[in-house]
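Residue numbers for the sequence shown follow the working numbering, beginning at 128 and rising by one.
First the structure, in the form of structure tokens, and then the observations on it.
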Amino acid sequence: MASEQWEYETLRPPRGSTKKEATDPKATLNELGEEGWELADTIDYVGGGTKFLVLKRRVEE
């Protein structure tokens, strides 16, 4: 049996006008979810805050 294969996508949380606070990424995440992407993890800055959202989806054969 073949093992599952995944592909990955990264998304930077959108920043507001001050560039310090993230804005709600719900609309973008919903669009990616419709394409089969699932939030898998986050990559955070050392001092706090999220640098990237990591998404994955199964590779269709």
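Note that beta-carbon positions come from the ideal geometry of N, C-alpha and C, so glycine has one too.
Where does residue i sit, in a helix, a strand or coil, going by DSSP?
{"i": "Thr155", "result": "helix"}
{"i": "Ala187", "result": "The question names Ala, yet the displayed sequence has Glu at residue 187. Coil, per DSSP."}
{"i": "Glu161", "result": "helix"}
{"i": "Val173", "result": "coil"}
{"i": "Glu131", "result": "coil"}
{"i": "Arg142", "result": "strand"}
Closest to residue i by C-alpha separation, out of the options, would be which residue?
{"i": "Asp151", "options": "Leu180, Arg184 and Gly175", "result": "Leu180"}
Can you list, in chain order, the residues of its chain whose CB lies under 8 Å from that of residue i, leaving out five sequence neighbours each side?
{"i": "Leu166", "result": "Leu156, Leu180, Val181 and Leu182"}
{"i": "Leu159", "result": "Glu136, Leu138 and Leu182"}
{"i": "Gly163", "result": "Arg184 and Arg185"}
Measure the beta-carbon distance from residue i to residue j and round it to whole angstroms, keeping in mind my assumption that it falls under 8 Å.
{"i": "Trp133", "j": "Val186", "result": "6 Å"}
Suppose the cutoff is 7 Å on Cβ atoms and the five residues either side in sequence are ignored; what does the same chain contact list for residue i look like?
{"i": "Asp168", "result": "Val181"}
Cutting at 6 Å between CB atoms, please list the residues of its own chain near residue i, excluding the five before and the five after it.
{"i": "Ile170", "result": "Lys178 and Phe179"}
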